[in-house]
Amino acid sequence: MKYWLMKSEPQVFGIDDLKSRPNQTEPWDGIRNYQARNFMRDSMNIGDFAFFYHSSCPKPGITGIMEVTKSAYPDKTQFDPNNKYYDPKSNVQNPRWFNVEVTFKEKLVLIPLHDIRNNIKLATLQILKRGNRLSITPITKKEWAEIMNMCR
DNA sequence: GCCAACGTTGGC
DNA sequence: GCCAACGTTGGC
């Protein structure tokens, strides 16, 4: 089982949106970055856990936990010309973008980015690295445990 | 709203 | 295949 950190802007889709979805489940679609796509397509498995991270908002940080409940399949938004994630260069025969599905597990008391940054044990976190822009990053079991320590 | 960082695009 | 221009991300 692997651990992940997945970013989303709460004004677009936040932890409460996930919690209120039918079955508390949602496709993690709209990812248009190859590295992030590869993580979903090649490395994510059912049963993996992920932190839900709120970005581009007044209080950026980790807000909850979700579980991967469906492995990667072609992201259907890429084929819909009316969708903002439409990709005219992709096609059904050879899809370019993939998504997994995630299910809400638990809300956490917000762990602010500021606190994460100040935790020396988390210095290895990819999202803290200079210039990081990846919306999906793997995290280690150790990092996961340390973050859980911060809110328990 | 600014801006640094970095990925993507497309002409050559 | 290089690289300048451009677009996006995301904290502040």
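Using my numbering, the first residue of the first sequence is number 796, and each one after it goes up by one.
Positions of the beta carbon are idealized from the N, C-alpha and C atoms, including for glycine.
Quick caveat, the model's predicted, so the values are computed rather than measured.
Next item on the list: Report buried or exposed for Lys802, applying the criterion of at least 16 other Cβ atoms within 10 angstroms of its Cβ.
Entry: Counted from its first residue, the first sequence places residue 802 at position 7. Buried, by the Cβ-count rule.
Checklist line | Integer-rounded CB distance, given that Met861 should sit under 8 Å from Phe899 | finding: Position 104 of the first sequence holds residue 899. Position 66 of the first sequence holds residue 861. Sure, about 6 Å apart at Cβ, within 8 Å.
Next item on the list: Label His909 either buried or exposed according to how many other C-beta atoms from any shown protein chain fall within 10 Å of its C-beta, with 16 as the threshold for buried.
Entry: Against the first sequence, residue 909 aligns to sequence position 114. Under this definition His909 is an exposed residue.
Check: Is it right to say Pro883 is buried, meaning 16 or more other beta carbons lie within 10 angstroms of its own, or is it exposed?
Finding: Counted from its first residue, the first sequence places residue 883 at position 88. Label assigned to Pro883: exposed.
Check: Span of the alpha helix (DSSP H) holding Lys797?
Finding: In the first sequence, counting from the first residue as 1, residue 797 sits at position 2. Run containing Lys797: none; DSSP gives neither H nor E here.
Item checked: Buried/exposed call for Leu920, threshold 16 Cβ in 10 Å -> As a first step, residue 920 must be located in the first sequence, where it is residue number 125. With 16 or more other Cβ atoms within 10 Å, it is buried.
Next item on the list: Report yes if the C-beta distance between Leu929 and Asn833 is below 8 Å; otherwise report no.
Entry: Here residue 929 refers to the residue found at position 134 when the first sequence is read from its first residue. Here residue 833 refers to the residue found at position 38 when the first sequence is read from its first residue. Not in contact: Leu929 and Asn833 (Cβ atoms no closer than 8 Å).
Check: What alpha helix (DSSP H) runs, 4 residues minimum, are completely inside the region 881-947?
Finding: 908-913, 936-945
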